[in-house]
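So the structure is just underneath, and the comments pick up after that.
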Amino acid sequence: MPADIIQAQYDQLTTIAQQFGKHAQANAEMSNRIRRAAQALQQGGWQGRGATAFFNELNGEVLPAMRRLVDALER
3 MPADIIQAQY DQLTTIAQQF GKHAQANAEM SNRIRRAAQA LQQGGWQGRG
53 ATAFFNELNG EVLPAMRRLV DALER
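The C-terminal residue of the sequence shown carries number 77 in my numbering, and the numbering is unbroken.
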C-alpha cells in the first residue's frame with residue numbers, strides 16, 4: 003500500500019500565517035473596543051434587568067469566546 007504524499011507550498015503557508023496574525027490583531031482590537039464601550043455602560047449608563055442580563059452574557063460568554071478566538075488565531 004503506497005504512503006500518502008503530503009506537500010506544502012511554504013511561501014503560501016507563510017502568507018496564510020501572516021493573515022491569521024492580522025485577523026488575531028483585528029479581533030483583539032475589536033474585543034477591546036467592545037470592553038471599553040461596555041465599561042462605560044456598566045458605570046451607570048445602563049441599569050436594570052436587561053442590562054444585567056446583557057453584561058452577564060457579554061462577560062460570561064462573548065468576551066471569553068473572543069479571547070479564545072484571538073488565542074487560536076495567534077497560534
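Beta carbons: idealized from backbone N, C-alpha and C, even for Gly.
Determine the direct distance from the alpha carbon of residue j to that of residue i, and round the result to whole angstroms.
{"i": "A67", "j": "A10", "result": "31 Å"}
{"i": "G62", "j": "A40", "result": "13 Å"}
{"i": "T16", "j": "W48", "result": "45 Å"}
{"i": "R69", "j": "P4", "result": "43 Å"}
{"i": "K24", "j": "R37", "result": "20 Å"}
{"i": "L65", "j": "D13", "result": "34 Å"}
{"i": "G46", "j": "A53", "result": "10 Å"}
{"i": "I8", "j": "R77", "result": "22 Å"}
For residue i versus residue j, is the C-beta distance shorter than 7 Å?
{"i": "A26", "j": "V72", "result": "yes"}
{"i": "Q44", "j": "F56", "result": "no"}
{"i": "F22", "j": "L75", "result": "yes"}
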